[in-house]
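Working notes, beginning with the structure itself.
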Amino acid sequence: MKVYYNLFVLISAFLFFSCEEESNSLEDCNLESRICTEEFRSVELEIVDDNGEYVELDNFYTFFDSRKKFEFSRNTFQQENGLYPVITDAELEELNQEGSVLVFVGEIEGKNVIEHQMLIGHDCCHVELIQGETKLILKNL
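Numbers 146 to 286, taken from our numbering, label the letters of the sequence shown in order.
Below is the structure:
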């Protein structure tokens, strides 16, 4: 019986100490062997009023864990379709693969009208939304 107990303890200790803490940084992606598309992606947020009309914000930006601020300009397609970039592939290295909390902030006339939290990660090639809404309806504008 004591042999089984010692064997159990030995195997348990081996399994426990052989586990590594999982890291989810871009360094773990092995980019040399990974095949990624050449497209440039972003996570976008559509903002409309309660009539379904696109809302034009005076200013917008994204906070990463309340420490880092990202500011973007909108392309013509985004402007015509009421879309605002939250994060792009250019910031991929900043994000945890399993997800980082980002807060999109939108302003009208100097006042915050939107503070929307999203969980965004990456697949080692492109940013991807993990959790959060991609369309917001602003009421009483």
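For each residue, glycine too, the CB sits at the ideal point set by N, CA and C.
Environment of residue i [buried if 16+ CB atoms lie within 10 Å]
| i | result |
| --- | --- |
| Gly277 | buried |
| Glu236 | buried |
| Glu166 | For Glu166, the pLDDT reaches just 44, beneath the cut-off of 50, and the residue's location in the model is therefore unreliable, although a value from the coordinates is still provided. So Glu166 counts as exposed. |
| Ile232 | buried |
| Ile265 | buried |
| Gly227 | buried |
Per DSSP, the bridge partner or partners of residue i
| i | result |
| --- | --- |
| Gly266 | Glu273 |
| Asn204 | Glu252 |
| Glu260 | Val250 |
| Lys214 | Phe208 |
| Asp194 | Leu283 |
| Glu189 | Pro230 |
C-alpha distance - residue i paired with residue j, whole-angstrom precision
| i | j | result |
| --- | --- | --- |
| Ser245 | Asn257 | 22 Å |
| Lys213 | Asp234 | 16 Å |
| Arg179 | Val188 | 22 Å |
| His271 | Asn241 | 12 Å |
| Leu286 | Ser218 | 23 Å |
| Ser168 | His267 | Residue confidence is low: Ser168 scores 45 on pLDDT, short of 50, so the model does not pin down where it sits. Its coordinate-derived value is still stated next. Straight-line Cα distance between these residues: approximately 13 Å. |
| Glu191 | Gly251 | 12 Å |
| Ile282 | Cys174 | 37 Å |
| Tyr206 | Phe249 | 6 Å |
| Glu239 | Thr182 | 20 Å |
| Thr221 | Ser211 | 29 Å |
| Arg186 | Val193 | 22 Å |
Secondary structure of residue i, DSSP reduced to three states
| i | result |
| --- | --- |
| Glu238 | helix |
| Thr233 | strand |
| Phe222 | helix |
| Gly244 | coil |
Expected contact under 8 Å - CB spacing of residue i and residue j to nearest Å
| i | j | result |
| --- | --- | --- |
| Leu202 | Tyr229 | 7 Å |
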